[in-house]
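Undergrad:
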Amino acid sequence: MTLDDVLQEPAPQLAAETVDRLLARGWGLGGARVRALPSERDLNALVGDEHVLKVSNPAEARDSIELEVAVMAHVAATDPGLVMPRTVPTTAGAPLLETADDTGRACLARVVTVVPGEILEGTSLTVALAEQVGALAARTSVALQGFFHPAAGGRGLDWDVRRLPDVVAGALDSGVLDAAREPVLAGLPERVGDSLRACAALPSGVQHADVTLTNVLARDGRVTGVIDFGDVHHTARVADLAVTLTAVLRNSGPQAVGLWDLAAAVLRGYQRRSPLAPEEVAVLGDLVLARLAVSTLISRTRAAEHTDNLTYITQYDDANARVLAELAALTPAGLRDRMHRLAGTAEPHLDGDLGTRRAAVMGGPLSPLFYRQPLQVVRGDGPWLVTADGRRMLDAYNNVAVVGHAHPTVTHAVTRQLGRLNTHSRYLHPGVVRLAERLVATMPHGLDTVLFTTSGTEANELAWRLATEATGGDGAVIARHAYHGSTRWMADLSPNEWPEGHRPDGVALFEAPYGPADALTADVAAGRVRDAAAQLAASGHRAALVLADSGFTSEGVRDAPASYLQGLVDGAHEAGALYLADEVQVGYGRTGPLLWRFALAGVTPDIVTLGKPMGAGYPVGAVITRREIADVLARRYEYFSTFAATPVAAAAGNAVLDVLEDERLPERAVAVGEHLRAGLRGLSARHDAVGEVRGTGLLAGVDLLAGRDHARDVLAGLVEHGVLAGLTGPGGVVLKVRPPLVWEAEHADLFVAALDDVLGGVRVDGVAPR
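Using numbering that gives the first Met the number 0, the first residue of the sequence shown is number 0, and each one after it goes up by one.
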């Protein structure tokens with residue numbers, strides 16, 4: 000039998016005494032009070048207060064009924080908490096009973112349990128209820144994942160939105176639809192055709208396909224359950240959602256909640272349970288149009304054939320027409336964009352010159368871009384970045400993406416937690432505590448207290464507060480070309496950024512570890528701190544903090560011997576100051592399995608600051624110190640930062656540590672870094688412009704000896720070769736290579752080969768390249 004047979008065949012006809020005998024014979028429910036329930040093609044009746052008798056249309060295929068029974072059993076097993084009817088076995092233990100109606104037609108009968116609540120159809124729908132309906136649709140779809148039944152694939156339901164072209168063609172042939180009078184309806188198959196075809200490639204499975212307000216029950220403003228699995232079939236899950244969304248939108252109107260408010264609520268509820276892909280959202284509006292059209296045309300066809308059931312058949316006609324007109328009035332692109340905005344999958348428009356637009360609204364020269372020809376990066380994948388024009392660029396610069404761009408572990412951890420909860424840190428949350436414990440476990444003995452921030456800059460600011468409070472000092476000792484952040488005070492502690500003639504009060508400088516390692520002793524370093532502290536004293540200040548990037552990255556990537564770093568610690572303590580190891584650039588495994596550059600040197604700072612790579616793109620930083628230092632600040636202050644240590648930040652931080660451990664990226668960083676520097680040193684034999692190569696782990700600084708203009712030409716040339724790097728150090732003539740730790744030796748080789756080509760093609764002091 001086909002669906003047309005089911006729709007054409009009258010519903011089963013059973014007198015009251017026949018129903019009573021059937022209930023008594025099959026389920027021992029004879030004598031119960033029986034009340035008829037509305038149905039389009041079957042006979043449904045409420046039996047007492049706890050059961051429903053369902054006698055299927057004589058034209059309905061047995062395997063379709065068995066499919067419905069199997070679906071309900073599957074959902075009951077996969078989501079026992081989802082309130083829905085349960086099949087009541089016959090006295091013989093079977094789910095179905097063969098019977099005949101009063102005209103002698105063979106039918107299948109079954110009894111299911113009653114779901115508490117009242118049908119939502121016909122009630123005043125609130126935004127809160129619409130959101131619950133969306134959540135119910137998603138929950139039902141998720142519960143059906145993994146279900147299979149041979150009858151689910153070819154049921155041929157006319158109200159399946161994918162059959163719109165056939166329904167419209169049939170309506171035109173029968174005269175139910177006049178293309179000249181209703182061009183919108185007649186033209187819908189062409190308008191939404193691409194979306195209907197796209198469903199074949201979207202997430203699919205057996206779906207309820209009828210989570211409508213007729214089949215959703217509620218009580219006291221809360222959805223209680225879902226009924227009627229009679230339309231289940233295999234389809235795209237977004238087609239299933241379109242059915243639910245259509246039913247809700249029909250309840251909008253001038254005297255009710257607005258159409259777009261209801262649409263937003265359904266999508267919120269749905270995506271709390273099951274996020275939609277952009278490709279699904281792109282077709283959703285068209286599928287709603289298709290459902291409205293299918294419902295309208297089937298109603299017209301059925302009304303002409305069954306004049307005795309017009310009220311039931313035509314109950315949605317006016318609402319269908321109103322919503323269809325409102326949605327169809329939007330252009331296809333307009334409807335698609337509206338759905339994307341509601342679902343959170345909208346992409347920014349790229350109209351006009353993006354660089355000009357950015358400069359106009361984002362500060363112009365105050366916030367410059369990298370490279371002579373700024374890049375519009377649209378996607379990341381491991382060690383690669385992809386630009387808007389499709390170029391694949393090897394990333395040799397970004398330590399933010401320490402575990403590689405868009406690492407699935409971090410992405411899923413953040414997304415999952417963001418969908419569950421994200422709030423400030425003044426509530427207990429296990430993820431935050433776990434992250435703090437894991438960080439402490441990587442530190443030397445005594446560094447036992449973690450204070451979370453949102454960035455490395457904020458971490459250094461907090462470290463300054465700790466130091467001044469703990470020591471009573473008010474002066475800072477920093478490396479001559481250091482960088483420690485972008486706030487007002489951190490800018491004063493970042494001479495790498497100072498304008499000409501700027502010299503803030505209360506700041507003294509020491510020389511970074513330039514020169515041969517054997518000359519960089521602990522005494523030399525301590526003496527440099529001593530001299531800087533004396534300068535502070537001469538100007539009426541006392542040193543509170545000595546701080547250094549452990550890799551002296553902004554100084555041109557300097558390999559400080561362990562003795563030199565120990566001397567800085569000793570010098571700080573001699574001056575009555577604390578020593579801060581800024582690990583924002585070189586930490587998180589870049590220098591090897593000990594994770595931190597200071598740990599590789601065997602020194603113990605008083606304070607450690609973390610930032611950039613800590614969340615692999617999610618903003619999170621930290622200060623790690625001794626409890627007695629934190630306690631001094633706590634005597635007079637509390638510390639709180641709204642977005643520091645949120646559950647999502649913790650999810651990102653824990654995921655990064657997981658990836659570092661599980662993929663052994665710090666170990667790889669050591670091997671790949673050595674391979675990289677060996678290749679770079681090999682270039683110095685072929686190119687006079689290449690000087691010393693330095694670095695530890697997966698970090699390299701390459702001296703470019705032909706001046707700043709030449710260095711900039713080299714950087715631009717690398718971009719043309721599909722490689723992204725940076726310049727650092729005094730004068731900006733050190734090529735900085737600081738890639739994600741997912742680099743393999745092959746990526747190092749690609750970088751060296753590209754640099755070799757660039758150096759061979761860039762003029763030096765007006766002399767043509769060799």
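Where is the CB? At the ideal position from N, CA and C, for every residue including glycine.
So for residue 761, helix, strand or coil by DSSP?
TA: DSSP places residue 761 in coil when its eight states are reduced to three.
Undergrad: According to DSSP, is residue 206 part of a helix, a strand, or is it coil?
TA: Strand.
Undergrad: According to DSSP, is residue 189 helix, strand or coil?
TA: In this structure, residue 189 counts as helix in the three-state DSSP scheme.
Undergrad: Please report the Cβ distance between residue 170 and residue 300, rounded to the nearest whole angstrom; I am assuming they are in contact, meaning their Cβ atoms lie under 8 Å.
TA: Going by Cβ atoms, the distance from residue 170 to residue 300 rounds to 7 Å, so yes, they are a contact pair.
Undergrad: Using the beta-carbon count (16 or more within 10 Å), is residue 782 buried or exposed?
TA: Because the chain is modelled from 0 through 769, residue 782 falls outside the range shown and cannot be assessed.
Undergrad: Pairs of beta-carbons, one from the stretch 290-299 and one from the stretch 181-191, closer than 8 Å: are there three or more?
TA: Enough Cβ pairs lie closer than 8 Å, so yes.
Undergrad: Using CA atoms only, rank isn't needed, just tell me which of 421, 601, 693 and 439 is closest to residue 552.
TA: Comparing Cα positions, the closest option is 693.
Undergrad: Would you kindly work out how many angstroms separate the C-alpha atoms of residue 526 and residue 676, rounded to a whole number?
TA: So the alpha carbons of these two residues sit roughly 32 Å apart.
Undergrad: If you count every other CB in all the chains shown that lies within 10 Å of the CB of residue 375, and 16 or more means buried, which is it?
TA: By the 10 Å Cβ count, residue 375 comes out exposed.
Undergrad: If the criterion is Cβ atoms closer than 8 Å, does the pair residue 548 and residue 585 meet it?
TA: The answer is yes: Cβ separation under 8 Å.
Undergrad: Out of 563, 660, 342 and 281, which has the shortest C-alpha to C-alpha gap to residue 438?
TA: When only C-alpha atoms are compared, the closest one is 660.
Undergrad: DSSP three-state label for residue 8, please.
TA: DSSP places residue 8 in coil when its eight states are reduced to three.
Undergrad: When you compare only the Cα positions, how much space is there between residue 571 and residue 492?
TA: Roughly 16 Å between the two C-alpha positions.
Undergrad: Between which two residues does the alpha helix (DSSP H) holding residue 630 run?
TA: It spans 626-633 - the alpha helix (DSSP H) in which residue 630 sits, taken as one unbroken run.
Undergrad: Quick check on DSSP: helix, strand or coil for residue 330?
TA: Coil, per DSSP.
Undergrad: To which residues does DSSP link residue 542 through a beta bridge?
TA: DSSP output for residue 542 lists 474 as bridge partner(s).
Undergrad: What are the boundary residues of the alpha helix (DSSP H) that residue 226 is part of?
TA: Where residue 226 is concerned, there is no enclosing alpha helix (DSSP H), given that its DSSP letter is neither H nor E.
Undergrad: Closer than 8 Å is the cut-off here; do at least three beta carbon pairs connect the stretch 135-151 with the stretch 203-212?
TA: Segments in contact, yes.
Undergrad: Judging by CA-CA distance, which residue of 695, 588 and 686 is the nearest neighbour of residue 703?
TA: Nearest of 695, 588 and 686 to residue 703, Cα basis: 686.
Undergrad: Whose C-beta lies closer than 7 Å to the C-beta of residue 387 among residues of the same chain, with five residues either side of it excluded?
TA: Hits under 7 Å: 375 and 377.
Undergrad: Going along the chain, which residues of its own chain have a beta-carbon closer than 6 Å to the beta-carbon of residue 243, five neighbours each way excluded?
TA: Excluding positions up to five away in sequence, the list reads 136 and 210.
Undergrad: Can you tell me whether residue 746 is buried or exposed? The criterion is at least 16 other CB atoms within 10 Å of its CB, across all chains shown.
TA: Buried is the call here.
Undergrad: What residues are listed by DSSP as bridge partners for residue 50?
TA: In the DSSP output, where bridge partners are listed per residue, residue 50 has 46 and 112.
Undergrad: Is it true that the CB of residue 296 sits closer than 8 Å to the CB of residue 167?
TA: Yes, the Cβ-Cβ distance between residue 167 and residue 296 is below 8 Å.
Undergrad: Just tell me which of 218, 99 and 573 has its CA closest to the CA of residue 114.
TA: Residue 114 has its Cα closest to that of 218, out of 218, 99 and 573.
Undergrad: Using the three-state DSSP reduction, which class does residue 714 fall into: helix, strand or coil?
TA: It is helical.
Undergrad: According to DSSP, is residue 426 part of a helix, a strand, or is it coil?
TA: Coil at residue 426, not helix or strand.
Undergrad: Given a threshold of 16 other Cβ atoms within 10 Å of its Cβ, counted over all protein chains shown, does residue 123 qualify as buried or as exposed?
TA: Exposed, because fewer than 16 other Cβ atoms sit within 10 Å of the Cβ of residue 123.
Undergrad: Quick one, are the C-beta atoms of residue 678 and residue 716 less than 8 Å apart?
TA: For residue 678 and residue 716, no; Cβs fall outside 8 Å.
Undergrad: Identify every residue that forms a DSSP beta bridge with residue 578.
TA: Looking at the DSSP assignment, residue 578 forms a beta bridge with 545.
Undergrad: In whole angstroms, what is the alpha-carbon distance linking residue 771 and residue 637?
TA: Limits of the chain in this structure are 0 at one end and 769 at the other, which puts residue 771 out of reach.
Undergrad: Reducing DSSP to helix, strand and coil, say where residue 641 ends up.
TA: Three-state DSSP puts residue 641 in coil, outside helix and strand.
Undergrad: Just tell me which of 473, 482, 234 and 503 has its CA closest to the CA of residue 542.
TA: Closest by alpha carbon: 473.
Undergrad: Taking C-alpha atoms, which residue in 731, 392, 49 and 720 lies nearest to residue 710?
TA: Nearest C-alpha to residue 710: 731.
Undergrad: Going by Cα to Cα distance, which pick from 268, 238, 255 and 261 is closest to residue 818?
TA: A query on residue 818 cannot be resolved here, the shown segment of the chain reaching from 0 to 769 and no further.
Undergrad: Assuming residue 648 is part of the alpha helix (DSSP H), what are its boundary residues?
TA: From DSSP, the alpha helix (DSSP H) with residue 648 extends over 646-661.
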